[in-house]
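Structure record follows, encoded as structure tokens.
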């Protein structure tokens, strides 16, 4: 039986005060897949992740200092696994490992987006500047997600899946070493 999987990074933009900057990594479990599979879908699983951001601008000396909150979440109500196709625990583990890759891509996007947002200086045109940064990074990670699916052949190519798993591990280690966001009196900065 050929197993086909697909993942999607959906984006949501919002504005809100009282922001947080750090987010912990999430390991997917069966509980993250609560939706009923689409009847005519040939895939064994679907992960619905989204990256959202909000911000709070403050005008200062003609520029804007902006607090950002960037989050990645798994939407369990839209994510599903065809548990009836899971013959054993090993098969389920393989599916979860592949789907974890889609979350990893969204998590890495979240980290890069936060870094890009907080390293920039903003003008009175900050809204357009923020959207431009977002679109650039979103495009990059949509391509990474497409490459992941194509190269792993929806997890059917075990060798390529292992290569991607190693790449994810290295990228996640690098993200952790980079210091991830630290909240400094409500203003985000990075440790190096």
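Numbering (mature numbering (1 follows the signal peptide of the UniProt record, and there is no 0)), first residue to last: -22 to -1, 1 to 170. Even glycine gets a Cβ: it sits at the ideal position worked out from N, Cα and C.
- Straight across, the Cα-Cα distance linking residue 96 with residue 80 is about 25 Å.
- Going by DSSP, residue 14 is part of no alpha helix (DSSP H) at all; its letter is neither H nor E.
- Ranked by Cα distance from residue 130, the options 35, 31 and 77 are led by 77.
- Taken through DSSP and simplified to helix, strand or coil, residue 26 comes out as strand.
- Residue 85 sits in a helix when the DSSP states are folded into three classes.
- When DSSP states are grouped into helix, strand and coil, residue 51 belongs to the strand group.
- In the displayed model, residue 33 falls within a strand according to three-state DSSP.
- Linking residue 135 to residue 21 through their CA atoms gives a straight-line distance of about 15 Å.
- The beta carbons of residue 90 and residue 115 sit closer together than 8 Å.
- For residue 123, the enclosing alpha helix (DSSP H) stretches over residues 104 to 130.
- Residue 23 sits close to residue 59, with the two beta carbons spaced by under 8 Å.
- Selection 25, 36 and 105 evaluated against residue 12 yields 25 as nearest (Cα-Cα).
- Under the DSSP definition of a beta bridge, residue 100 partners with 42.
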